[in-house]
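S.K.: Could you have a look at this structure, given as structure tokens, before my questions?
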Amino acid sequence: MILAPSILSADFANLGSDIRKVVSAGAQWVHVDVMDGRFVPNITIGPLVVKSVRSVTDAYLDCHLMVADPDRYLEAFAKAGANGITVHAEAGPHLHRTLTRIRELGCAPGVALNPSTPLSTIAYCLDVVDLILIMSVNPGFGGQTFIDAVMPKITEAKALAAGRNILVEIDGGIGPDNLGMVLDKGVDVVVAGSSVFGSPDPEAAVRGMFAIADSRKH
Ligand code: DX5
Ligand code: ZN
Numbered sequence: 006m007i008l009a010p011s012i013l014s015a016d017f018a019n020l021g022s023d024i025r026k027v028v029s030a031g032a033q034w035v036h037v038d039v040m041d042g043r044f045v046p047n048i049t050i051g052p053l054v055v056k057s058v059r060s061v062t063d064a065y066l067d068c069h070l071m072v073a074d075p076d077r078y079l080e081a082f083a084k085a086g087a088n089g090i091t092v093h094a095e096a097g098p099h100l101h102r103t104l105t106r107i108r109e110l111g112c113a114p115g116v117a118l119n120p121s122t123p124l125s126t127i128a129y130c131l132d133v134v135d136l137i138l139i140m141s142v143n144p145g146f147g148g149q150t151f152i153d154a155v156m157p158k159i160t161e162a163k164a165l166a167a168g169r170n171i172l173v174e175i176d177g178g179i180g181p182d183n184l185g186m187v188l189d190k191g192v193d194v195v196v197a198g199s200s201v202f203g204s205p206d207p208e209a210a211v212r213g214m215f216a217i218a219d220s221r222k223h
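Position in the sequence shown (from 1) plus 5 gives the number in this note's numbering.
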């Protein structure tokens, strides 16, 4: 399992220290939720914060752009130090072009699907996809409840990814209670926001999630 704690639920006044905690506990990725107040109702952070985060960690920066017309910002996130840039299939008219551009910028292209969006949307883009992000909540806020109806989509995404270099990531409402269930479906990357940074001890929360993942291997 690759664990990607979402800094959306971190303490922004102590972001560097929060990130160091989860990375030292074993998290390989840091998930950065970018919201523009248009594609989703909330507004969060932009490339400036990614640049600051880059300066405090070598961890993989997994930037999830919940923004309309994301092409406008791809270069800024790449220059700020993003490793992966994930855009929503619903956010712009020319998904294949957007994903190709992300790759040209030297980042790993990802595509995110809202709970209501079918996987067929990306069937003809797989040659330019390194990551499929399955939203298990409606994007916009941390701390929401996992939507069980997306479970079959994980299985379908793993089938689409088979034989290709594509990771499947799940995002929204994941914690110790349902981690095992999504890992059993074959998810490669798990995003966790409130269950990590909302916990009084984020390091222990990360270690707890790896213990669950390890127990599933046998
Ligand atoms: C939701 C974001 C998620 C969010 C997950 O729009 O994309 O990454 O931070 O938070 P939790 O784990 O609290 O659902
Ligand atoms: Zn996210």
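Virtual Cβ for every residue (Gly too), placed ideally from N, Cα, C. Since the model is a prediction, treat every value here as computed from it, not as a measurement.
(1) When you compare only the Cα positions, how much space is there between residue 81 and residue 108?
(2) Would you say residue 139 and residue 167 are within 7 Å of each other, going by their C-beta atoms?
(3) Is the closest heavy atom of ligand 2 to the C-beta of residue 93 under 6 Å?
(4) Pop quiz: residue 133 and residue 101 are said to be a contact at Cβ under 8 Å. What is the actual Cβ separation, rounded to whole angstroms?
(5) Nearer than 6 Å: is that true of the beta carbon of residue 199 relative to any heavy atom of ligand 1?
(6) Can you tell me whether residue 13 sits near ligand 4, meaning its C-beta is under 6 Å from at least one heavy atom of the ligand?
(7) DSSP on residue 195, reduced to helix/strand/coil?
(8) Alpha carbon to alpha carbon, how far is residue 77 from residue 96? Give it in angstroms, no decimals.
(9) Return the CA-CA distance between residue 30 and residue 154, expressed in angstroms with no decimal places.
(10) From which residue to which residue does the beta strand (DSSP E) around residue 174 run?
(11) For a test of the three-state rule: what should DSSP assign to residue 129, helix, strand or coil?
(12) What are the start and end residues of the beta strand (DSSP E) that includes residue 48?
(13) Between 222, 220, 212, 221, which lies nearest to residue 33 when the distance is taken from Cα to Cα?
(14) At which residues does the alpha helix (DSSP H) containing residue 104 begin and terminate?
(15) Identify which residue in 119, 63, 28 has its Cα closest to the Cα of residue 72.
(16) Can you tell me which residues fall inside 5 Å of ligand 2, judged by beta-carbon distance to its nearest heavy atom, and keep chain order?
(17) Which one or two residues does DSSP pair with residue 89 in a beta bridge?
(18) Within the same chain, show all residues whose beta-carbon is closer than 7 Å to that of residue 146, passing over the 5 residues directly before and after it, in chain order.
M.R.: Let me spell this out:
(1) 14 Å
(2) no
(3) no
(4) 6 Å
(5) yes
(6) Looking at this structure, you won't find ligand 4 anywhere; what it does contain is ligand 1 and ligand 2.
(7) strand
(8) 12 Å
(9) 31 Å
(10) 172 to 176
(11) coil
(12) No beta strand (DSSP E) contains residue 48, which DSSP labels as neither H nor E.
(13) 212
(14) 100 to 109
(15) 119
(16) 38, 69, 176
(17) 67, 113
(18) 47
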